[in-house]
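Numbering (our numbering), first residue to last: 1 to 102.
Structure below.
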């Protein structure tokens, strides 16, 4: 019987390219259901795997990867409106995150 050699470690930049069929928001953990990074979101009540990530996860991904052109904040800083932090990010930040992911 032949033995298999262990696979060489793959750089994260290449790994991201191979996961092109997945939503890029899966690169961050989900704050809603607690799914780990690169794992699909699940419905907590039925433990059912979802095809798309939760909106909270998409918002967290946009916040960590893109600057917001509307309120002029850097990545990892939450969007704000009139000095108060928003629960979600601005739509323009989603667009900016999708452009940088492409």
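The beta carbon of each residue, even a glycine, is placed where N, CA and C say it ideally should be.
Query                                                                                                                                                                           : Result
For residue 53 and residue 64, I'd like the C-alpha separation in whole angstroms.                                                                                              : 16 angstroms
How many angstroms separate the CA atom of residue 6 from the CA atom of residue 73?                                                                                            : 43 angstroms
Out of 71, 78, 61, point me to the one whose CA is closest to residue 28's CA.                                                                                                  : 61
Going by beta carbon distance, what residues of the same chain come within less than 7 angstroms of residue 48, once the five residues before and after it are set aside?       : 42
Please state whether DSSP places residue 46 in a helix, a strand or coil.                                                                                                       : coil
For residue 36, which residues from the same chain have a beta carbon less than 6 angstroms from its beta carbon, with the 5 sequence-adjacent residues on both sides left out? : 29
Please classify residue 97 as buried or exposed, where buried requires at least 16 neighbouring CB atoms within 10 angstroms.                                                   : buried
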